[in-house]
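J.:
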Amino acid sequence: MALTPTNVINGTLSVVLVIISLFVGLRILTKYIESKERIFILVGVTWIFVVSPWFPSSIAFLYYLITQAELTDALYVFLGLFFIPIGVFIWIVAVSYLLNIKKKDLFWGLYLILGAAFEIFLVFSIFSDNLSLVMTERAGIFDVSYSLIVIIYLLINILTVFITGILFARESLYSKNNEVRLKGKFLLLAFTIYLIGALLDGTLQLTAGSLIITRILLMTSALLFYLGFFFPKFVKNLFIS
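The numbering used here numbers the first residue of the sequence shown as 1 and each following residue consecutively.
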């Protein structure tokens, strides 16, 4: 199958999104080396896995350019879904410390059970040759349409990350430190734009225009998330008098 302009845009923007998000996640991980605070490991890994739904489209694009072959449906689904429960659970652990949630075990247990159940369901679907349980069709070379069960699960996770992220960002807004408050605003924007971008990416028909809009939103959310933890001097000079 020959690549269409939409395929090229989809694949290219997926690769760029994943590269940006990997940089942001790894950069946050390096902050652990400086501070020795394990929270940065959790947050860094979380952001890497937050964009795991776009792993298969980026990998499929590069694989096709090299081999002229497509990823199998099973591999595509595995790459796109397997890491999501892990990333969400790690974020739940991180945010429970950041927000000082008292009943951490209950909070962790809920998402651990939900994530484990989904992983079992996913692995069963793949290895029992029942992919119809998780996907309805292959929508082009670099995209698939997921089943209703998967869509509901993804929606729960997107809303979980958004709501807990907003609660975390809101805490920073009450700080007396101008820099901390500004970081909180960047995080607030990051989680909000991520929600909008992810929902649009999953609901809009794949066209050049929709792909450009949604992927730019997702890239913007990654950069804003970065600014929520790292403050380049020019940003401080620009926003803080």
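We treat Cβ as the ideally placed atom computed from N, Cα and C, and that holds for glycine.
1) Looking at the secondary structure, which residues open and close the beta strand (DSSP E) in which Pro179 lies?
2) Check whether the region 87–103 touches the region 39–52, taking contact to mean three or more Cβ pairs, one atom from each stretch, closer than 8 Å.
3) For Ile152 and Lys104, what's the separation of their Cα atoms in angstroms?
4) Given Phe107, which residues of its chain have a CB within under 8 Å of its CB, disregarding the five upstream and five downstream residues?
5) The ligand MG heavy atoms versus the CB of Trp108: any closer than 8 Å?
6) Figure out for me which residue from Phe82, Ala60 and Val51 has the closest Cα to the Cα of Val8.
7) Indicate the three-state DSSP secondary structure (helix, strand or coil) for Ser147 in the structure shown.
8) Roughly how many angstroms separate the alpha carbons of Leu71 and Tyr63, rounded to a whole number?
9) Mind checking which residues open and close the beta strand (DSSP E) that includes Glu70?
10) Suppose you measure from the CA of Ser145 to the CA of Asn177; what does that come to, to the nearest Å?
11) What are the residues that DSSP puts in a beta bridge with Arg138?
12) Less than 9 Å between the beta carbons of Leu242 and Phe78, yes or no?
13) Go ahead and pull the three-state DSSP assignment for Ser175.
14) What does the alpha-carbon distance come out to for the pair Thr67 and Pro56?
15) So the candidates are Arg181, Leu206 and Ile84; which of them puts its Cα closest to the Cα of Phe118?
16) Assign Asp201 to buried or exposed, taking buried as 16 or more other Cβ atoms, counted over all protein chains shown, within 10 Å of its Cβ.
17) Leaving out the 5 sequence neighbours to the left and right, which residues in its chain are closer than 6 Å to Thr164 when beta-carbon positions are compared?
T.: Straight from the coordinates:
1) The sequence shown places Glu at residue 179, rather than the Pro named in the question. Looking at the DSSP string, Glu179 is not in any beta strand (DSSP E); the run it does join, the alpha helix (DSSP H), is Asn178 to Thr203.
2) yes
3) 25 Å
4) Ile92, Ser96 and Ile101
5) No copy of the ligand MG appears in this structure; indeed no ligand is present at all.
6) Ala60
7) coil
8) 8 Å
9) Taken as a continuous stretch (DSSP letters only), Glu70 belongs to no beta strand (DSSP E), as it is neither H nor E.
10) 46 Å
11) Val144
12) Only positions 1 to 241 of the chain appear in this structure, which leaves residue 242 out of reach.
13) coil
14) 15 Å
15) Ile84
16) buried
17) Val95
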